[in-house]
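In the numbering used here, the protein residues as written are 18 to 399. One structure is given below, encoded as structure tokens.
In structure tokens form, the structure reads like this:
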């Protein structure tokens, strides 16, 4: 096990020491890597991994371990892995002849504190979970996200992580993609890892928890900053002619499509049919207006059917609700998911639009750690 903390984080040192005392005797080795925050880096997870990767490699070499036999898991500190996760990854690794060019992606579920956070944050946590479940069913679209596993050999071949970027996961995916000349395979692991939804130390009713909602907004904005990969990928796709044109076009198309529809599709679904009426006074008198209204009605109803499906799936995969919640409270908690169109505009579309606008104007983003509260320190809220 290797834990990276900032060299100046004395409180973090104490936490690592307690973990080492408890788990160190059960492990072959336990490393505490202290990141000095070298000049010129963009402070954040990617820079920490960029510093820790070579340090870990030296320690593994000192132990006499072959990088091709070491599986490295990049795990955020709030995630709890499924008991069979490491066994499944190990099985997939040893049975795949192209294991050195594989990246293993579990399904992140933000369930650890699901019933403690305000309903808007809970809705976003549910939506993110189900989006990742969908991507796991489409390995051709799957990209490294948050926590994932790969061989140490692949990490070395890719040149570790970059120390000057914010989206560490997607950038590492693209570095590995080009380092393997397009042969990289993302293997979905159909087991969950459980993380925390953004939660600050504020208390009270949902409308009083401003810091928690701000954390949610900033987290999505940081994820949406993955759009900064576009120029990086564009240049390298042109350079790597050895990768088939179809593969390059498909992966590039998915990336552009995801970032483009993130900020436009929800707005068009909700308000697109009303735009012609605002631009032309006589629009309502045309046959096209009747057809567009009908099509918009059909599409919006299909979208609401998807929300109904989301509610049914959430009911099956969510952890148990607090015992103090009555039947009405429990039903209301699920019906709140019907507010996703509004919540999604505020906490998904707007932060993504801000990230893309900042990149366009050169107003670069700084990494902000998403505040999360340890279990048991906040009472359950609606």
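Ideal placement from N, C-alpha and C gives every residue a C-beta, glycine not left out.
query                                                                                                                                                                               : result
Report the rounded CA-to-CA distance for residue 330 versus residue 363, giving the unit in angstroms.                                                                              : 23 Å
Under DSSP, the beta strand (DSSP E) around residue 96 begins and ends at which residues?                                                                                           : Looking at the DSSP string, residue 96 is not in any beta strand (DSSP E), and its letter there is neither H nor E.
Who are the Cβ neighbours of residue 152 in its own chain at under 7 Å, not counting the five residues just before and after it?                                                    : 158 and 159
With a CB to CB cut of under 7 Å and the five nearest residues on each side skipped, what residues in its chain are close to residue 19?                                            : 48, 50, 69 and 73
Kindly indicate which three-state DSSP category residue 58 falls into: helix, strand or coil?                                                                                       : coil
Is it true that the CB of residue 373 sits closer than 8 Å to the CB of residue 241?                                                                                                : yes
Does DSSP put residue 324 in a helix, in a strand, or in coil?                                                                                                                      : helix
Using CA coordinates, which residue listed in 115, 93, 121 and 117 is at the minimum distance from residue 104?                                                                     : 121
Check the C-beta distance from residue 96 over to residue 212 and give it rounded, since I have them as a contact under 8 Å.                                                        : 5 Å
Please confirm whether residue 252 and residue 276 have their CB atoms less than 8 Å apart.                                                                                         : no
Using beta-carbon positions only, say whether residue 360 and residue 229 come within less than 8 Å of one another.                                                                 : no
Quick check on DSSP: helix, strand or coil for residue 20?                                                                                                                          : strand
Using the DSSP secondary-structure output, state which residues sit across from residue 124 in a beta bridge.                                                                       : 209
Assign residue 162 to one of three DSSP states: helix, strand, or coil.                                                                                                             : coil
State the Cα-Cα distance for the pair residue 226 and residue 45, rounded to the nearest angstrom.                                                                                  : 43 Å
Count the other C-beta atoms from every protein chain shown that fall within 10 angstroms of the C-beta of residue 315, then say buried if there are 16 or more, exposed otherwise. : exposed
On the criterion of 16 or more Cβ atoms from any shown chain inside 10 Å, does residue 349 qualify as buried, or is it exposed?                                                     : exposed
Assign residue 393 to one of two classes, buried (16 or more other C-beta atoms within 10 Å of its C-beta) or exposed (fewer than that).                                            : Bear in mind that a pLDDT of 48 at residue 393, under 50, signals an unreliable position, so the number given afterwards is only what the model happens to contain. Its Cβ having fewer than 16 others within 10 Å, residue 393 is exposed.
Using a Cβ-Cβ cut-off of 8 Å, state whether residue 77 counts as contacting chain C.                                                                                                : The structure shown contains no chain C; it holds only a single protein chain.
Please look up how many angstroms separate the CB atoms of residue 164 and residue 80, rounded, as I've assumed it's under 8 Å.                                                     : Contact doesn't hold; Cβ gap of about 24 Å is too wide.
For residue 200, which option in 187, 171, 179 and 220 has the closest C-alpha, if you only look at C-alpha atoms?                                                                  : 171
Output the distance between the C-alpha atoms of residue 131 and residue 301, rounded to the nearest integer angstrom.                                                              : 45 Å
Exposed or buried, which one is residue 3 when buried takes at least 16 other CB atoms within 10 Å?                                                                                 : The structure shown does not extend to residue 3, since the chain is modelled only from 18 to 399, so the question has no answer here.
Would you please state the rounded distance, in angstroms, between the beta carbons of residue 58 and residue 180? I believe it to be under 8 Å.                                    : 4 Å
Going by the DSSP bridge assignment, what does residue 89 pair with across the sheet?                                                                                               : 167
If you reduce the DSSP assignment to three classes, tell me which class residue 83 lands in.                                                                                        : coil
By alpha-carbon positions, which one of 24, 139 and 156 ends up nearest to residue 268?                                                                                             : 156
Per DSSP, which residues does residue 204 bridge with? Please list them.                                                                                                            : 121
Give, in chain order, every unbroken run of the beta strand (DSSP E) that is at least 3 residues long and sits entirely within the segment 175-256.                                 : 202-211
What residue range does the alpha helix (DSSP H) around residue 288 cover?                                                                                                          : 262-288
Would you report the Cα separation of residue 317 and residue 287, rounded to the nearest angstrom?                                                                                 : 7 Å
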